[in-house]
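Take my numbering: the final residue in the sequence shown is number 343, and no numbers are missing along the way.
Beta carbons are placed, not taken as given, at the ideal position from N, Cα and C, and that holds for glycine.
All figures in this text were calculated on a predicted structure; none of them were measured in a lab.
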Amino acid sequence: MPTLRVLGYAAKAVGQPLVPFEYEPPELGENDVRVSITHCGVCHTDIHAIDNYYGITDYPFVPGHEIVGDVSAVGPAVSGLKEGDRVGIGWQGRSCMQCEWCLKGEEQLCMDIVPSGTWVPYGGFSFSVVVDSRFAYPLPRAMPSQVAAVLMCAGITVYSPLREYLTESAPKVAIVGVGGLGHLAIQFAHALGWEVAALSSSPEKKEQALAFGADRFIETNNQASLRQFDYGFDLLMCTASGGMNWEALLMTLKKKGRLVLLGFPDVTLNSTDLVAHQLSITGSFLGNRATMREMLAFAQDQGIAPELELMPMSHVNKAIKRVKENKARYRIVLVN
Ligand SMILES: [Zn+2]
Ligand SMILES: [Zn+2]
């Protein structure tokens, strides 16, 4: 009997364009579901991983971790999902379920996080993927699949710290970067009750930032206007990938304020203000399962949706090129 094979798009070596790639479908573990992919968003980390920026990429590498599709097979121990159910899947496709972090419900910090990525063995730029059913999230019925796809990584990445660091009285956040992550962060922050400033080096993004819900727009290259906000924010959320003047940005934090990094920018700074103002710098990675479910319901309830472009899955290299050239507004979703 011929084995059914899966078609995906893989990088065969560092930095190579993706090529059609056929592979044996991974075996279904007892808690696993197989999902027939309809949509997959393109995230910056897909592109970094093609280039082996994190040093963890195995080739052939099928990227893609903003996945929406329909369950096509369920393992014997799966509960709560059945064939035909529409689900969303993010970067994390499984976890060990027994380390200290998993037991605390912080699965995104699982000690086995690298082998738990959805791209192990093969990710969402494909027709099918196998993940642990506990990381396949049923979607609100009325939520369009392309919207859900982007929320599975970009959405949870911004929602999780905005929720965690939300304070009771008049919290003020500055969101650095109005791109794939930033434009969603503005929407979520506004809906959660933060007073929101959007910071960008591109003045042409002002009107859209305000339309997404920002209360003000600050041009980061204009030091005079930036300095008007010294000691202004409780939280500075950096969604941009580099080229920041960190010391100038840290000046806008209130004493004891917090800078949270969402991408993987290089950070170099003089530590004087960090120490003297008792500031914190922290990272935030994905979100746990409870927060993922909460984020999906909140986004649906508040009408939060990414701006996106749809492209056929077969145009994956074109999509990657647009993201690399910073031309995507603001996210591209590939459709099978
Ligand atoms: Zn991502
Ligand atoms: Zn674990």
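Item: Measuring only from the beta carbon, is H72 closer than 7 Å to any heavy atom that is part of ligand 1?; Value: yes
Item: Starting from V267, trace the beta strand (DSSP E) in both directions and tell me its first and last residue.; Value: L260 to L268
Item: Name the residue from N324, T289 and V94 whose alpha carbon lies nearest to the alpha carbon of A17.; Value: N324
Item: Does DSSP put C245 in a helix, in a strand, or in coil?; Value: strand
Item: For the segment 148–207, list the alpha helix (DSSP H) runs that are entirely contained and at least 4 residues long, ordered along the chain.; Value: 152–157, 163–171 and 189–199
Item: Grab me the residues of S21's own chain with a C-beta within less than 7 Å of its C-beta, minus the 5 sequence neighbours each way, in chain order.; Value: Per the sequence presented here, residue 21 reads as Val, with Ser not at that position. Only D58 and N59 meet the Cβ criterion.
Item: Which residues in the same chain have their Cβ closer than 7 Å to the Cβ of P27, if we skip the five residues on either side of it in sequence?; Value: L14 and Y16
Item: Using a threshold of 8 Å, state whether the C-beta atoms of C47 and V267 are closer than that.; Value: no
Item: Quick one, are the C-beta atoms of S43 and P168 less than 8 Å apart?; Value: no
Item: If you drop the 5 nearest sequence neighbours on each side, which residues of the same chain put their C-beta closer than 8 Å to that of L173?; Value: L199, G200 and W201
Item: Alpha helix (DSSP H) containing H7: first to last residue?; Value: Nothing about residue 7 can be reported from this structure: the residues present for the chain run from 8 to 343 only.
Item: For R296 and E114, I'd like the C-alpha separation in whole angstroms.; Value: 7 Å
Item: Cβ-heavy atom distance between C109 and ligand 1 below 7 Å?; Value: no
Item: In chain order, what residues of the same chain lie with their CB nearer than 7 Å to the CB of M8, ignoring the 5 residues before and after it?; Value: Low local confidence applies: a pLDDT of 45 at M8 is under 50, so the model's placement there is unreliable, with the coordinate-based value given in what follows. So the list is empty, once near-sequence residues are dropped.
Item: Going by beta carbon distance, what residues of the same chain come within less than 7 Å of A304, once the five residues before and after it are set aside?; Value: P147
Item: Could you spell out the range, first to last residue, of the alpha helix (DSSP H) harbouring V282?; Value: T279 to A283
Item: Consider the C-beta atom of T298 and the heavy atoms of ligand 1; say whether any pair is separated by less than 7 Å.; Value: no
Item: In its own chain, which residues sit with a C-beta less than 7 Å from the C-beta of N277, not counting the 5 before and 5 after it?; Value: E254
Item: Between which two residues does the beta strand (DSSP E) harbouring L341 extend?; Value: R338 to V342
Item: What do you reckon, are the CB atoms on R41 and A80 nearer than 8 Å?; Value: yes
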